[in-house]
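Below is one structure, written out as structure tokens; the observations come after it.
Number of protein chains: 2
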Amino acid sequence: MNKKTIQIKEIFDPYYSAPIEVWDTFAKRLKTVTFNKNEEIKFPNTTEKKLYIINKGSAGIFLWKENHPVCIDLCFENDFFGDYLSLLTQKPTPLYTVCFEETEMFYITFSDLMDLFENSKFGAKIGRIAAESLFVHKQSQQIELLTQTAEKRYKQLLSKQPHIIQRVPLKYIASYLGINAESLSRIRKKIVK
Amino acid sequence: MNKKTIQIKEIFDPYYSAPIEVWDTFAKRLKTVTFNKNEEIKFPNTTEKKLYIINKGSAGIFLWKENHPVCIDLCFENDFFGDYLSLLTQKPTPLYTVCFEETEMFYITFSDLMDLFENSKFGAKIGRIAAESLFVHKQSQQIELLTQTAEKRYKQLLSKQPHIIQRVPLKYIASYLGINAESLSRIRKKIVK
DNA sequence: TTCATTACTTACCATAGGTCAATTTTTATA
DNA sequence: TATAAAAATTGACCTATGGTAAGTAATGAA
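For the protein sequence lines, the chains are H and X, in the order given.
For the first sequence, the numbering used here gives the first residue as 68, with consecutive numbering after it.
For the second sequence, the numbering used here gives the first residue as 68, with consecutive numbering after it.
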């Protein structure tokens, strides 16, 4: 069994156990692509054609708000990545995606994904499980925004991704937390004290 | 074709067109239940056993934060309703659900839902589409929290649900917007001026 | 209908975070 | 490795929202 298959199985295992053959079928559809640091993968007002899984590196999902970028997701190894809203609707959205480092991703095209969803029982199930896990993730982001201060959210982010500071520019981390770069700077200063 | 079937078809139609027979099969699994005003449907730290669709009335999904409730979703006619996180994982969560008015809902039990997902091709697809639409909804809530002031979010909510003020207590609307009741009161005062 | 309870509003001051401008630090590139 | 550009920090000041306490209005149970 190849490396990609094993990796895919490990990503899905917490959500859904299937025979390794299922993951192998899925993994065979995945192609590999590498992006440069700061490379834009999807541009605003375009339609997403691929679903990505990050193998090595990190990337963000953004939208432009007046005069600055707002990051709605920070993605790392084994995370799904892409503008799912656009992928699912196959319509352009204002969202754009960028990687923060040189990043290797696996991807499946929209048509391959739909073929998988439509023509295999496991595919349909994988699609549902994946969408459910994305929902759960978004709901927890919403709850954090509604119930925690920026300082607490920053500390939580650090504990989940200890090396995030070395990997992702602070200005993007700030926008992900819902604050501006200056405010994050003050929070960081306060914490080290 | 009965009323419930037609209604279910109308709810799903924007996302997915299927023959009416498919919706009929689904609708046949749905039971009907009525809750009193302010009745709690699911309690904190319990496991959700049902997926609801609101037929008439309104309800909210909450969690308790220190000394006050936080509303993470306000649901109205034709909305899905329930603690999906708990439903999907079949584990207890801190979330609880309450209805604001006398409310009639359709519901399908977890076991019937899984049976539908596992044993019918359309069922699997409906499950995916439903999860996707929940994800899209949560993502738009996150974007609103990250990019708009409470005042703008309040105005948007009013334009989407013009009668919300008559149907949902302001304190819950405030917590949904991420502010306290006093702040919403100030915003409302400012707007009428 | 009355009374108690809950919801909503107001006013006060406190605080988290925003804005702008200047400065320092880091990074990218010639 | 020098230089320019970008990122991060800092300070001064401002604004939206929070916390508390009090008052008023609406609601529900007897």
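Note that the Cβ used here is the ideal one computed from N, Cα and C, for glycine as well.
Note that the coordinates shown come from a computational prediction; the quantities given were computed from them, not determined experimentally.
Query                                                                                                                                                                                   : Result
Quick one: measure Cβ to Cβ for Tyr333(H) and Phe202(X), integer angstroms, because I've assumed they're closer than 8 Å.                                                               : This structure gives no information on residue 333(H), because the portion of chain H shown stretches from 68 to 260.
In whole angstroms, what is the alpha-carbon distance linking Pro229(X) and Phe93(X)?                                                                                                   : 31 Å
Any idea what DSSP makes of Tyr83(X), helix, strand or coil?                                                                                                                            : coil
With a threshold of 8 Å between beta-carbons, can Tyr83(X) be considered close to chain H, or not?                                                                                      : no
Give me the Cα-Cα distance between Ala191(X) and Ser250(H), rounded to the nearest whole angstrom.                                                                                      : 46 Å
Below 8 Å between beta carbons: does that hold for Thr170(H) and Lys116(H)?                                                                                                             : no
Are Val100(H) and Met181(H) closer than 8 Å when you measure CB to CB?                                                                                                                  : no
As an exercise, report each continuous alpha helix (DSSP H) stretch of at least 4 residues that is fully enclosed by the region 78-165 of chain H, in chain order.                      : 87-96 and 151-156
Nearest by alpha-carbon distance to Gly124(H): which of Asn134(H), Trp131(H), Asn103(H) and Asp140(H) is it?                                                                            : Asn103(H)
So with CB distances below 8 Å, who are the chain H contacts of Thr214(X)?                                                                                                              : Leu130, Lys132 and Val137
Taking Lys192(H) as the query, report the chain X residues whose CB atoms sit under 7 Å from its CB, ordered along the chain.                                                           : Ala191
Could you tell me whether any Cβ in chain H is nearer than 8 Å to the Cβ of Phe202(X)?                                                                                                  : yes
Quick check on DSSP: helix, strand or coil for Thr176(H)?                                                                                                                               : strand
Do we get a CB-CB distance below 8 Å when we pair Tyr151(X) with the residues of chain H?                                                                                               : yes
Let me know the alpha helix (DSSP H) ranges lying completely inside the region 190-256 of chain H, each 4 residues or longer, listed in chain order.                                    : 217-227, 231-234 and 237-244
Based on Cα-Cα distance, which residue from Leu225(H), Val137(H), Glu185(H) and Gln206(H) lies nearest to Tyr46(H)?                                                                     : For residue 46(H) there is no data in the structure shown, the boundaries of chain H being 68 and 260.
So with Cβ pairs under 8 Å, would you call Gln223(H) a contact of chain X?                                                                                                              : no
Examine chain H for any beta-carbon lying closer than 8 Å to the beta-carbon of Leu118(X), and answer yes or no.                                                                        : no
Report buried or exposed for Val235(X), applying the criterion of at least 16 other Cβ atoms within 10 angstroms of its Cβ.                                                             : buried
Say whether the region 153-164 of chain X touches the region 81-98 of chain X, bearing in mind that this needs 3 or more beta-carbon pairs closer than 8 Å, one atom from each stretch. : no
Between the Cα of Lys86(H) and the Cα atoms of Ile73(H), Arg96(H), Lys98(H) and Leu97(H), which residue gives the shortest distance?                                                    : One detail in the question is off: residue 86(H) reads as Pro in this sequence, not Lys. Closest by alpha carbon: Ile73(H).
Of all the options Asn112(H), Ile120(H) and Leu224(H), which has the alpha carbon lying nearest to the alpha carbon of Lys98(H)?                                                        : Ile120(H)
Out of Lys188(X), Asn134(X), Gln209(X) and Phe148(X), point me to the one whose CA is closest to Leu118(X)'s CA.                                                                        : Phe148(X)
Assign Phe110(H) to one of two classes, buried (16 or more other C-beta atoms within 10 Å of its C-beta) or exposed (fewer than that).                                                  : exposed
Using the rule of at least 16 other Cβ atoms within 10 Å of the residue's Cβ for burial, across every protein chain shown, is Thr216(H) buried or exposed?                              : exposed
At a CB distance below 9 Å, what residues from the region 171-185 of chain H approach chain X? Give them in sequence order.                                                             : Phe184 and Glu185
Name the one or two DSSP bridge partners that Lys170(X) has.                                                                                                                            : Note on residue identity: the sequence assigns Thr, not Lys, to residue 170(X). In DSSP, Thr170(X) forms a bridge with Phe102(X).
Around the Cβ of Ile232(H), are there at least 16 other Cβ atoms within 10 angstroms (buried) or fewer (exposed)?                                                                       : exposed
Applying the 10 Å Cβ sphere with the 16-neighbour rule, what's the burial state of Glu133(X)?                                                                                           : exposed
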